[in-house]
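Down below is the structure, laid out as structure tokens.
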Amino acid sequence: MSRVLRPAAFLDRDGVINVDHGYTYRPEDLTFVDGAPAAIRRLNEAGYLVVVVTNQSGVARGYYGEADVARFHAHMQRELAKVGARIDAFYACPYHAEGTVAAYRVDHPDRKPKPGMILRALHQLPIDRERSFLIGDQPSDMAAAASADIAGYPFSGGDLDDFLVTVLLQENAA
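Just so we're aligned, residue 1108 is where the sequence shown starts under this note's numbering, counting upward by one.
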């Protein structure tokens, strides 16, 4: 049985979806980047799977735990639902080679700039790689996209929905 493949929009989290306050993990610290909820809703309505791929080295550094990351993501989903938007999957990498928590002190293939999170999503979800892309705010995001053989678009701030409109125009022209 073949599955219907859909394009995916891979989004980095801190600095793309939410304002990066530095190791942001508490639900009460969630502040969306301008236009982020509207951008996610636009992607949902256009038939894209929305997949978050986020390095969370704060876990490896002992600042918070994986349960805190999950709690933050659940809160983000609830807030997005209020405007009719949703994220289809979250992939978070808690590892860092220089972490202070021994269990997470690993040079892990999921940690961007490596493409592990993207590759896992491509394997686990019905994604059409050719029609997928990543939006990130760091060079490591662009490197991960390139290594996974998907387009990468660097977001340097501003309104994410306005930025997404230009990305979708480029994607549809390709």
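No residue lacks a Cβ here, since even glycine has one placed at the ideal position from N, Cα and C.
Beta-carbon proximity of K1219 to D1195, cut-off 8 Å: Taking the sequence shown and counting its residues from 1, the one referred to as residue 1219 is at position 112. Taking the sequence shown and counting its residues from 1, the one referred to as residue 1195 is at position 88. No, they are not a contact pair.
Close Cβ partners of A1153 (< 8 Å) along its chain, the five nearest in sequence each way excluded: Taking the first residue of the sequence shown as 1, we reach residue 1153 at position 46. Hits under 8 Å: L1275.
Nearest-angstrom Cβ-Cβ length linking M1224 and V1160, presumed shorter than 8 Å: Working through the sequence shown from its first residue, we reach residue 1224 at position 117. Working through the sequence shown from its first residue, we reach residue 1160 at position 53. 4 Å between Cβ atoms; contact.
Bridge partners - I1234, DSSP secondary structure assignment: Residue 1234 sits at position 127 when you count from the first residue of the sequence shown. Note: I1234 sits in a beta bridge opposite R1113.
The alpha helix (DSSP H) enclosing A1174, as first and last residue numbers: To locate residue 1174, count along the sequence shown from 1; it is residue 67. Note, A1174: alpha helix (DSSP H), E1173 to A1188.
Stretch pair the region 1109-1128 + the region 1140-1149: three plus CB contacts closer than 8 Å: yes
contact_flag[the region 1131-1142, the region 1169-1182] where n(CB pairs < 8 Å) is 3 or more: yes
Cβ-based neighbour list, N1125, same chain, cut-off 8 Å, excluding 5 preceding and 5 following: For the purposes of this step, residue 1125 is taken as the residue at position 18 of the sequence shown. Closer than 8 Å at the Cβ level, and outside the excluded window around N1125, lie T1131, L1137, T1138, F1139, V1140, A1143 and M1183.
Cβ neighbours of R1236 in the same chain (closer than 7 Å, five flanking residues each side left out): Reading the sequence shown from its first residue, position 129 is the one you call residue 1236. Result list for R1236: L1229, D1256 and I1257, in chain order.
Limits of the beta strand (DSSP E) - the one that L1241 falls within: What you label residue 1241 is simply residue 134 of the sequence shown in a count that begins at 1. Residues F1240 to G1243.
D1244 versus G1264: straight-line alpha-carbon distance, rounded: Taking the first residue of the sequence shown as 1, we reach residue 1244 at position 137. Taking the first residue of the sequence shown as 1, we reach residue 1264 at position 157. Each residue's Cα considered, the two are about 8 Å apart.
Cross-strand partners of T1161 (DSSP beta bridge): As a working mapping, residue 1161 is identified with position 54 in the sequence shown. According to DSSP, T1161 bridges with A1199.
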